[in-house]
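Student: Numbers given in the numbering used here equal positions in the sequence shown, counted from 1, plus 87. Built from N, CA and C at the ideal position, the CB exists for glycine as well. Given the structure is predicted, the values throughout are model-derived calculations rather than measurements.
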Amino acid sequence: MRELAIYDMDRTVTRTGTYTPFLIHAAKMLAPWRLALAALVPFTMGAYACKLIDRRRLKEWNQRLLLGGAVSRARLKPAVDAFAELIYKTNVHPGALRQIAEDRAAGRRLVLATASYRFYVEAIAEKLGFDDVIATGSITGLDDIIHARIDGDNNYGPAKLRLIEAWMEKQGIKREEVTIRFYSDHVSDWPALEWADTAIAVNPSKGLRKMAQKRGWQIVDWGF
């Protein structure tokens, strides 16, 4: 039977989140004047905290502030490549690298499933040796212009499981024909964790630790 090893990324494989750091990194390289607009990010976060906007809109607004409404993939590529190198060298849990190597050696297909944007996640996934990426998509226009608009679902919470299942269908992978391991740090991934054959709580948040203990899921620390 085939095996899949599906990993969340931010704070599971990486020590910290990557979305806002990527936007700041890219702004520094492409348009340093936009860093002044970073002062508005706490206001967008406040709007989200007050439930005036959802996560989807939050991500779109912050991208518009720091990258602009549209940017070509070619122009963005140097920033993406440099950020992927930075993440790989400084922001990956040692335990994650060991587990990725173990899953690869065991012949498992390595899948990175993250709410972060595909346009920069793919470079990180390549550095880490993943076979496939399931991530939040961006509306892309003519000449490969990436717009500050999400294409489809924001790959978070229940939507992540839906996107994983849609990916499996496209790949011709039937659920009953594979065994699936799922790694995550956050309780928002509970639908995918319950759906998996093996659920592993990695450096878990308080909510996920409590859920993992109740359900008997494995709890691991990849921080060393």
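#1: Using only alpha-carbon positions, find the residue among 285, 205 and 310 that is nearest to residue 268.
#2: Please specify which runs of the beta strand (DSSP E), each continuous and at least 3 residues long, are wholly inside the region 258 to 289, giving them in chain order.
#3: Looking only at C-alpha atoms, which of 119, 122, 123 and 148 sits nearest to residue 133?
#4: According to DSSP, what are the bridge partners of residue 227?
#5: Going by beta-carbon coordinates alone, are residue 220 and residue 199 separated by less than 8 angstroms?
#6: Going straight from the alpha carbon of residue 169 to that of residue 155, what length do you get?
#7: Would you list the one or two residues that DSSP bridges to residue 90?
#8: Starting from residue 199 and walking both ways along the beta strand (DSSP E), at which residues does that stretch end?
#9: Helix, strand or coil for residue 190, going by three-state DSSP, please let me know.
#10: Give me the DSSP bridge partner(s) of residue 240.
#11: Looking at residue 150: is its Cβ nearer than 8 angstroms to the Cβ of residue 235?
#12: What does the Cβ neighbour count give for residue 262, buried or exposed, with the cut at 16 atoms within 10 Å?
Tutor: On the basis of the supplied data:
#1: Taking the first residue of the sequence shown as position 1, residue 268 is located at position 181. That would be 285, whose Cα lies nearest to the Cα of residue 268.
#2: The region 258 to 289 contains, as complete beta strand (DSSP E) runs of 3+ residues, the segments 265 to 271 and 285 to 289 (chain order).
#3: Residue numbering aside, residue 133 sits at position 46 when the sequence shown is read from its first letter. The residue with the shortest Cα to Cα distance from residue 133 is 148.
#4: In the sequence shown, counting from the first residue as 1, residue 227 sits at position 140. Answer is 233.
#5: By one-based count along the sequence shown, residue 220 stands at place 133. By one-based count along the sequence shown, residue 199 stands at place 112. Yes, the Cβ-Cβ distance between residue 220 and residue 199 is below 8 angstroms.
#6: Taking the first residue of the sequence shown as position 1, residue 169 is located at position 82. Taking the first residue of the sequence shown as position 1, residue 155 is located at position 68. Taking C-alpha positions only, residue 169 is separated from residue 155 by approximately 19 angstroms.
#7: Locating residue 90 in the sequence shown gives position 3, counting from the first residue. Partner residues in the beta bridge of residue 90, as assigned by DSSP, are 266.
#8: Taking the first residue of the sequence shown as position 1, residue 199 is located at position 112. For residue 199, the enclosing beta strand (DSSP E) has its first and last residue at 196 to 204.
#9: To locate residue 190, count along the sequence shown from 1; it is residue 103. The answer is helix: DSSP assigns residue 190 an H, G or I state.
#10: Position 153 of the sequence shown holds residue 240. Looking at the DSSP assignment, residue 240 forms no beta bridge with any residue, so it has no partner.
#11: Position 63 of the sequence shown, counted from the start, is the residue given in the question as residue 150. Position 148 of the sequence shown, counted from the start, is the residue given in the question as residue 235. Yes, the pair counts as a contact, with Cβ atoms nearer than the cut-off.
#12: Locating residue 262 in the sequence shown gives position 175, counting from the first residue. That one is exposed.
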